[in-house]
Structures are given as C-alpha cells and as structure tokens.
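Undergrad: Residue numbering for the sequence shown follows the numbering used here, starting at 9 and increasing by one per position.
The beta-carbon is built from N, C-alpha and C at its ideal position, and this holds for glycine as well.
This is the structure I have questions about; it appears just below.
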Amino acid sequence: MANSNISLLKEKRFLPFFITQFLGAFNDNIYKNTLLIIIAFQLANANTLTNLAAALFIFPFFLFSAFAGQLADKYEKSALMRKIKAFEIFVMCFAACAFYFDNTQYLLGVLFLMGTQSSFFGPVKFAIIPQHLKEHELVAGNGIVEGGTFIAILLGTIIAGPLVQLENSTKVISVIVIVLAILGWFSSQFIPEAKASDKDLKLNYNLFTQTWRTLKIASEQRVVFLSILGISWFWALGAVYLTQFPSYAKNVIGGDESVVSVLLAMFTIGISIGSLLCSKLSADRVELGLVPFGSIGMCAFGIDLFFAGSATFTGELQSAGDFFANLLANGSYLRVMIDLILIGVFAGLYVVPLQAIIQQQSNPRYRSRIIAGNNILNSLFMVSSALFSILFFQFSDSIPHLFLCIALLNIVAAAYIYSLVPLFLIRFIVWMLINTMYRIKEKNIGNIPHSGAAVVVCNHVSFVDPLIIAACSPRPARFIMDHNIFKNPFLSWFFKTIDAIPIAPKHVDAAIYYAAFDAISDALDNNQLVCIFPEGKITYSGEMNEFKDGIVKIIQRNPVPVTPLALKGLWGSFFSRKDGQAMSSLPVRFFSKIGIVAGDTVAAEDVTASLLFERVQTLRGDAL
9 MANSNISLLK EKRFLPFFIT QFLGAFNDNI YKNTLLIIIA FQLANANTLT
59 NLAAALFIFP FFLFSAFAGQ LADKYEKSAL MRKIKAFEIF VMCFAACAFY
109 FDNTQYLLGV LFLMGTQSSF FGPVKFAIIP QHLKEHELVA GNGIVEGGTF
159 IAILLGTIIA GPLVQLENST KVISVIVIVL AILGWFSSQF IPEAKASDKD
209 LKLNYNLFTQ TWRTLKIASE QRVVFLSILG ISWFWALGAV YLTQFPSYAK
259 NVIGGDESVV SVLLAMFTIG ISIGSLLCSK LSADRVELGL VPFGSIGMCA
309 FGIDLFFAGS ATFTGELQSA GDFFANLLAN GSYLRVMIDL ILIGVFAGLY
359 VVPLQAIIQQ QSNPRYRSRI IAGNNILNSL FMVSSALFSI LFFQFSDSIP
409 HLFLCIALLN IVAAAYIYSL VPLFLIRFIV WMLINTMYRI KEKNIGNIPH
459 SGAAVVVCNH VSFVDPLIIA ACSPRPARFI MDHNIFKNPF LSWFFKTIDA
509 IPIAPKHVDA AIYYAAFDAI SDALDNNQLV CIFPEGKITY SGEMNEFKDG
559 IVKIIQRNPV PVTPLALKGL WGSFFSRKDG QAMSSLPVRF FSKIGIVAGD
609 TVAAEDVTAS LLFERVQTLR GDAL
C-alpha cells in the first residue's frame, strides 16, 4: 500500500483516533452479528426479525444525527468523543443484562441504543479527520478508517459464529463487549485536541426542525450533496448484503453459523482492500474517476452473484471447513466467494473518494453538520433498504433474486448520479484513456493547490494536453480553449460538460474574448482551478512559443497563485504537429512514456508572462 497509509498509523495525531473507532466498530459488530445469528438460527420469523433488527440500529441515525452534528461543531471534538465512548460502556452493560434475562425485546433495544451512540460518534469521527490530517493525506486517512472499519466488521463477524456456538455463549459475549467498550474509552483519552469549528453555535433541541436544517445545509453545495447521495446508496446496498448473509448461508448455500462468518469475511476483506487501494490508485489525491469505476464493478459482480447463488449446492448443512473443502469440487462455492470479494473491492474504491470529497469541499464551520446530514440520509436509505427487503419477501423468498434486484437498481442509481454529475464519469474515462495510451511519469504534481482559487499554466504540445493534465491534476480544472475547437459539432457536448471556457482573439470576436475573461473571473471567484496555455496555440516546431499577456490580465483581475506546469515527451506523438497536421497519419507509438512536471507556485504579485515562460521552459528541459 501507499507509504502514506503506513506512516499515518505511526502518528499520534491519528493512531489513538483510529484505535478508538476500530474498537467501537469491532464491538458493534460482535454484538450485532451474534444477535443476527441467534435470530436466523434459533427464532421463528427470522427474515422479518433480521430486517427489524437492522432498522432498529439505523433509525437513531435519522433521529439524532442532526443534533449530534451541532454538538460536533460547537464543542471540542476529542472531549466529545470521550463522553460518547463512556456512554458505550453503559450500553454494553445493558446488553449483558439483556443476555442474562434472555429477553429478545431487550436485546433489540440494545441495538437501538448502539445506533444512538454511533449516531453521535459519526459526525465527530469524520469531522476530526481533516482537522488532524493535511489535505493530501485525506484519501489515505479515509482509506485507513474505512479499511479499518471493515476489518473490524470482519473480525467481529469471524468471532460471532464460534461465540454463539459456545456453551456459555451469552456470558462470554457480555464480558467481551464490556471490555471492548472500556478499551475504546481508554484509547480515546489520547486523541489530540480538535478545536470547535463554531463554538458560538446556538443549539436547536427540536430534532425534527434541526434535521430539516441539517439536510438543507448539506444540499447547498451540489457536488457535496450528490456525493452524500452516492455514499447513502452504498450503505443501502451494504445493508442488504450484510443483513441477508445469515439467511443466505442457511437457505441458499446450506451452511451453518460458521459459513455466515465466511461470507461476511469475504465481503469485508474486499471492502478493506478496495479502501486501502484508493490512495495508491489515486496517488493520494481525491480522484473522482474511481467512483464510476467502483460502481461498474459493484454492478457487474452483483449480477454475477445472482447467477452464482442460483447454482446447485450440496443442500447439506455445512461448516466453514466444508465450504472451503468444496471450493474446487463445486465451482459455485468459489464463484460466490470471488463475487463477494470483488463487490467489496469495488465498493471501497467507490465510497472512499466520495467521503474525501465531502471533507475537502465542505465549509469547515458546518462540516460536522454536513456529515450529520450524510448520516441522516444514510439512515433513511438503510431503513428504506430494510423495508424494501421486508416487502420483497412478501412476494418472493429468493435471496439471490433480491441480490439481482439491488444490482439492477444500482445500475439505475449510478446512471442517475452520473447524469447529474457527469464529471465523475468523465474523470474515469479520461483517466482510463490517458493511462491506456501513455505511461505517465508525474513529478511534484502536489504543487498544484488542492483547494482555493488558482491558475495552472502549461506549454502546449498536442491536442491531448488538457486530457493529460485533467488525468493528473489533484482536482478538476477548467480549461481555456480555442473557440473553434470548442464549437466542434462532435466534441462540443464534451467541452460543455467539463465546463471548458472558449476564447477567441480580440480582433476575431471581441464578444467571445471578453466573455472568456468574465467566465475565468467567475471561476476564480468560486475557488476553482483554471488551466491556460499561454502560448495560445500548439507548437509547430517542438519548441515553446512566447507566452502572451492574457495570463497577466487574468491575475490583475483576480490576484491568485499560479503554478507552472510542463509536459514532456509528447512531441512526435499522433496528436502533435510534428511532420505536418496532427492526427493525419496512422499512430505508430503506443504506450509511450511521457512526463508532467509541476514547479513552485508563483505568488500573484510576482506574475509576469516572461517569468512564467522561463519557469515552464526550465521544467520542460530537453523535451525533444
């Protein structure tokens, strides 16, 4: 994995927090999974009770998240975490009492209290990450947290099956959950201070009006809100899989309690791998292109899981050992295992960038409340998924058909989200296209500001220069381009989708010229990244052309930092003008090596066309 993943786990600013949230997730899942197994194998109306249990755990997220978001913004976060972990100890003592009296109603009530505790922990958990981590560490940090959470789910899952089979299972479970709660509280004592983001906030104790206000705050930024919707859909899908695994193991595969642990283990291992892979695949930047990549994988292997679950199994009640023994003898077992792992891997690739987007682009003052809004919608989607599953089982008792149904719904949901935010899909297409055509060597790309208004200037070698920059940039950029290319009937839709800004020489079309500068100014006023090729045209010789003074006019109007960028190795490619018109002959170079280098950012007051030319030329070096 990326070095950043390893190094963060050595940091005092991150490790105690990670241990605290890990132990909490571990504890939750030991209790939840043992209870679900007891319901599935020992009680009547198992399908209904299983989904009721899931709904009881999730409902507090809808009920209390808005108030929890207020607390997380108003108060110092580490102290708040310690109080929440103290409440967890109380909840687990109540769980021990419920086990002692063998009372199903009390056991289900504990799930509600656990959900309440988690609903208060969630906003603090995700809001504290950007306060303790640097911006380029967000993807790695979220990947570790997400991966750790699902490893905790895995461990809780693995332990749950054997625990239920013990002679004194309820006593052992009671001791374990209490001890883990105490250890979580202890580790929280070492979490560094994280100052309140809005200490003057006046608390609204009306849960319903505050819920509406929280959702309104979360919806103010389009990309953030749609990222929240994407995360909520992920949890809805995950809830269906996790909730149905006990019944799937028993009624479809013909397995006992230990097989439930195997299925959940495969799924959670996959999510952990996918989450930790995010920082590696994205080079530690928030890469939107991973989101559609992840959703495509979830759809494909979710559909295949239906066909795998419709196959013939032995029909005998098997242990986990029998399951693994049959992997080679009966390909259906292996197919189920591979499908669950890969659904998890692509789910991790899907959700981690969305979480990082929310943290990166949310207003710090309202960040906890926005995350609370995320939790509210998560709960609504998860409760809806539980109700959907209950309704589905009124018409069919086929769990494979339920899995097929949600996989098909995932296709519809993904298509809808990407129609609203096509940038997600475009980033994926661009990333795939460029990395298929070229081997890109990046250097100092982190010099491009990860947030705030900024301008990037670059030499212009070929027609694919914007795509290469877009594929490597740590954030989406708005490109300034020739108005004639922008109007191309075959490509105009694409340029409009990526919010490119057309420009024309003043003497050719003054209206377009002035409109371009207005659009650039608006983009910078909205803290966007703008990319310009100051040469004004693609080189005919391989050498750089003089930089025009348009960049100076931009900075005079909007004094923002400028990052010089140089492209290397593209001269002579199919898309360059070497030997005449570009793209006029058959391509002869495939998967060739190119370079992209970023220099030190230039302050607005130091910007001149000649200085930027010299910086880019130096970065370019011997590019021929």
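State buried or exposed for Y213, treating a residue as buried only when at least 16 other CB atoms are found within 10 Å of its CB.
TA: In the sequence shown, the residue the question calls residue 213 occupies position 205. Per the 10 Å Cβ criterion, exposed.
Undergrad: Should A76 and P24 be called a contact, given that it needs their Cβ atoms to be closer than 8 Å?
TA: The sequence position of residue 76 within the sequence shown is 68, counting from 1. The sequence position of residue 24 within the sequence shown is 16, counting from 1. Taking 8 Å as the Cβ cut-off, A76 and P24 do not qualify as a contacting pair.
Undergrad: Taking I602 as part of the beta strand (DSSP E), name the residues at either end of that continuous run.
TA: Locating residue 602 in the sequence shown gives position 594, where the first residue counts as 1. Unbroken beta strand (DSSP E) run through I602: S600 to A606.
Undergrad: In three-state terms, what does DSSP make of A39?
TA: Along the sequence shown, read from residue 1 onward, the residue named residue 39 stands at position 31. It should be pointed out that residue 39 corresponds to Tyr in this sequence rather than to Ala. Y39 falls in the helix class under three-state DSSP.
Undergrad: Is it buried or exposed for I277, if we count other Cβ within 10 angstroms and need 16 for buried?
TA: By 1-based counting over the sequence shown, the position of residue 277 is 269. Buried, by the Cβ-count rule.
Undergrad: According to DSSP, what are the bridge partners of C539?
TA: Counted from its first residue, the sequence shown places residue 539 at position 531. DSSP output for C539 lists V464 and F487 as bridge partner(s).
Undergrad: Could you check the C-alpha separation between I511 and Y341 for me, to the nearest Å?
TA: Translated into the one-based positions of the sequence shown, residue 511 becomes position 503. Translated into the one-based positions of the sequence shown, residue 341 becomes position 333. Cα to Cα, I511 sits roughly 59 Å from Y341.
Undergrad: Could you tell me whether the stretch 373-383 touches the stretch 132-143, where touching means 3 or more Cβ pairs closer than 8 Å?
TA: They touch, by the three-pair rule.
Undergrad: Can you have a look at S182 and say buried or exposed, based on whether 16 or more other CB atoms are within 10 angstroms of its CB?
TA: In the sequence shown, residue 182 corresponds to position 174, counting from 1. Its Cβ being crowded by 16 or more others within 10 Å, S182 is buried.
Undergrad: I'd like the span of the alpha helix (DSSP H) that includes Y249, first residue to last.
TA: Counted from its first residue, the sequence shown places residue 249 at position 241. First-last of the alpha helix (DSSP H) with Y249: R230 to Y256.
Undergrad: With a CB to CB cut of under 6 Å and the five nearest residues on each side skipped, what residues in its chain are close to N334?
TA: In the sequence shown, counting from the first residue as 1, residue 334 sits at position 326. Only Y341 meet the Cβ criterion.
Undergrad: What residue does the beta strand (DSSP E) around P572 start on, and which one ends it?
TA: One-based indexing of the sequence shown puts residue 572 at position 564. Start and end: V570 to K576.
Undergrad: Between H468 and K545, what straight-line distance do the alpha-carbon atoms span, to the nearest angstrom?
TA: Working through the sequence shown from its first residue, we reach residue 468 at position 460. Working through the sequence shown from its first residue, we reach residue 545 at position 537. Roughly 7 Å between the two C-alpha positions.
Undergrad: Using CA atoms only, rank isn't needed, just tell me which of M274, A202 and P569 is closest to E84.
TA: Counted from its first residue, the sequence shown places residue 84 at position 76. Residue A202 is the option with its Cα nearest to E84.
Undergrad: Between the C-alpha atoms of N492 and F34, what's the straight-line distance to the nearest angstrom?
TA: Residue numbering aside, residue 492 sits at position 484 when the sequence shown is read from its first letter. Residue numbering aside, residue 34 sits at position 26 when the sequence shown is read from its first letter. Going from the Cα of N492 to the Cα of F34 covers about 58 Å.
Undergrad: Run through DSSP, which three-state label would E450 get?
TA: The sequence position of residue 450 within the sequence shown is 442, counting from 1. Strand.
Undergrad: Is G629 helix, strand or coil by DSSP?
TA: Against the sequence shown, residue 629 aligns to sequence position 621. If DSSP states are grouped into helix, strand and coil, G629 belongs with coil.
Undergrad: Does DSSP put S581 in a helix, a strand or coil?
TA: As a working mapping, residue 581 is identified with position 573 in the sequence shown. Correct three-state label for S581: coil.
Undergrad: Please return the same chain residues whose Cβ sits closer than 6 Å to the Cβ of I488, not counting the five positions on each side in sequence.
TA: Residue mapping note: residue 488 aligns to position 480 of the sequence shown, counting from 1. For I488, where only same-chain residues beyond five positions count, the Cβ hits under 6 Å are I509, I511 and I540.
Undergrad: According to DSSP, simplified to helix, strand and coil, what is N11?
TA: As a first step, residue 11 must be located in the sequence shown, where it is residue number 3. With a pLDDT of only 46 at N11, under the threshold of 50, the placement of this residue in the model should not be trusted, and no figure is reported.
Undergrad: By alpha-carbon positions, which one of S177, M274, A204 and S392 ends up nearest to A63?
TA: As a first step, residue 63 is located in the sequence shown; it is residue number 55 there, counting from the start. It is S392 whose Cα lies nearest to the Cα of A63.
Undergrad: What number of angstroms, rounded off, separates the C-alpha of L578 from the C-alpha of A168?
TA: As a working mapping, residue 578 is identified with position 570 in the sequence shown. As a working mapping, residue 168 is identified with position 160 in the sequence shown. Approximately 57 Å, taken between the alpha carbons.
Undergrad: The beta strand (DSSP E) that contains P372, what's its start and end?
TA: Locating residue 372 in the sequence shown gives position 364, where the first residue counts as 1. It is not in any beta strand (DSSP E) - P372 carries neither H nor E in the DSSP assignment.
Undergrad: Could you tell me the distance, in whole angstroms, from the CA atom of L357 to the CA atom of L285?
TA: As a first step, residue 357 must be located in the sequence shown, where it is residue number 349. As a first step, residue 285 must be located in the sequence shown, where it is residue number 277. Those two C-alpha atoms are separated by around 7 Å.
Undergrad: For N515, does the count of other Cβ atoms within 10 angstroms reach 16, so buried, or fall short, so exposed?
TA: To locate residue 515, count along the sequence shown from 1; it is residue 507. Checking the sequence shown, residue 515 turns out to be His, not Asn. That one is exposed.
Undergrad: Return the CA-CA distance between I425 and Y108, expressed in angstroms with no decimal places.
TA: Counting from 1 along the sequence shown, the entry for residue 425 is found at position 417. Counting from 1 along the sequence shown, the entry for residue 108 is found at position 100. Roughly 48 Å separates the two Cα atoms.
Undergrad: Using CA coordinates, which residue listed in F436, D557, K495 and S86 is at the minimum distance from L296?
TA: Within the sequence shown, residue 296 is the residue found at index 288, counting from 1. Of F436, D557, K495 and S86, the residue nearest in Cα terms is F436.
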